[in-house]
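Worksheet: the structure to be examined is printed underneath.
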Amino acid sequence: MENRLPTSDQKFVENLIPQRFPFVMVHEISDYSESHLVSGFEIKEDNIFILDGTFQASGLIEHQAQSVALHTGYKYYLLGKEAPTGYIGAIKSFEAEALPKVGDHLKTEVTILNEVMGVTLVNAVTTLNDQVIARSEMKTVVK
Numbered sequence: 002m003e004n005r006l007p008t009s010d011q012k013f014v015e016n017l018i019p020q021r022f023p024f025v026m027v028h029e030i031s032d033y034s035e036s037h038l039v040s041g042f043e044i045k046e047d048n049i050f051i052l053d054g055t056f057q058a059s060g061l062i063e064h065q066a067q068s069v070a071l072h073t074g075y076k077y078y079l080l081g082k083e084a085p086t087g088y089i090g091a092i093k094s095f096e097a098e099a100l101p102k103v104g105d106h107l108k109t110e111v112t113i114l115n116e117v118m119g120v121t122l123v124n125a126v127t128t129l130n131d132q133v134i135a136r137s138e139m140k141t142v143v144k
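For the sequence shown, the residue numbers in our numbering are 2 to 144.
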């Protein structure tokens, strides 16, 4: 499974995270480093977080958390290992300035602030058309 960035190869991206349809909230990875990742997600009409054509805040949180999982999954892919399952351990803060609609394409930048013994503290910033629509700081825990 060789793939170079950026990629929107859905099969490749889905192999990097533990979630499966209909719960996949990331579609592409465009940049990666040990402390940074940029993911993308196109909101489709059949998404489980859509209400009256609007992607809900809970979906934004899940998209950001899956972006963190994508960072971990890609790191393990580069090491030739299978990615572990992770969970949201705590959400320190979350702010949504706007809710996107069906057909919108989200871009999320994840910055790893600290990683110790399977617990990762991250900042996530989601944009739509270069405008920030959501920010969070959360801890994820690897099983």
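All residues carry an ideal CB built from backbone N, CA and C; glycine is no exception.
Because the structure is a prediction, the values reported are computed rather than measured.
**Asked** Quick one, are the C-beta atoms of Leu71 and Ile44 less than 8 Å apart?
**Response** Here the question's residue 71 lines up with position 70 in the sequence shown. Here the question's residue 44 lines up with position 43 in the sequence shown. Result no, Cβ atoms of Leu71 and Ile44 do not sit closer than 8 Å.
**Status (buried if at least 16 other CB within 10 Å, exposed otherwise) for Gly60** = By 1-based counting over the sequence shown, the position of residue 60 is 59. Per the 10 Å Cβ criterion, buried.
**Prompt:** Looking at C-alpha atoms only, which residue of Phe42, Ser34, Phe13, Val69 is the closest neighbour of Asp105?
**Reply:** The sequence position of residue 105 within the sequence shown is 104, counting from 1. Of Phe42, Ser34, Phe13, Val69, the residue nearest in Cα terms is Phe42.
**Message:** By the three-class DSSP mapping on this structure, what secondary structure does Gly119 have?
**Reply:** Here residue 119 refers to the residue found at position 118 when the sequence shown is read from its first residue. Coil at Gly119, not helix or strand.
**Request:** Compute the Euclidean distance between the alpha carbons of Ile134 and Met118, then round it to the nearest angstrom.
**Result:** Taking the first residue of the sequence shown as position 1, residue 134 is located at position 133. Taking the first residue of the sequence shown as position 1, residue 118 is located at position 117. Between Ile134 and Met118, the C-alpha separation is close to 31 Å.
**Request:** Following the continuous alpha helix (DSSP H) through Ala58, name the residue where it begins and the one where it ends.
**Result:** Stepping through the sequence shown from its first residue, residue 58 is reached at position 57. First-last of the alpha helix (DSSP H) with Ala58: 58–80.
**Item:** CB-CB length for Tyr33 against Tyr75, believed under 8 Å
**Value:** The residue labelled residue 33 in the question sits at position 32 within the sequence shown. The residue labelled residue 75 in the question sits at position 74 within the sequence shown. About 5 Å; that satisfies the 8 Å criterion.
**Prompt:** Name the DSSP beta bridge partners of Thr55, please?
**Reply:** Position 54 of the sequence shown, counting from 1, holds the residue named residue 55. Paired residues: Leu52, Lys102.
**Request:** Confirm the yes/no value for this check: CB of Pro101, any heavy atom of the ligand GTP, distance under 7 Å.
**Result:** Absence of the ligand GTP from the depicted structure is noted, as is the absence of any ligand whatsoever, leaving it without description.
**Prompt:** What is the rounded straight-line gap between the Cα of Ala66 and the Cα of Thr128?
**Reply:** Numbered from 1 along the sequence shown, position 65 holds the residue referred to as residue 66. Numbered from 1 along the sequence shown, position 127 holds the residue referred to as residue 128. Cα to Cα, the separation comes out at about 15 Å.
**Asked** Just to confirm, are Val111 and Leu52 a CB contact at a threshold of 8 Å?
**Response** As a position in the sequence shown, residue 111 is number 110, starting the count at 1. As a position in the sequence shown, residue 52 is number 51, starting the count at 1. Not closer than 8 Å, so no.
**Asked** Smallest Cα separation from Val143: which of Glu116, Ser137, Asn130?
**Response** The count along the sequence shown starts at 1 and reaches residue 143 at position 142. Ranking the options by Cα distance to Val143, first place goes to Glu116.
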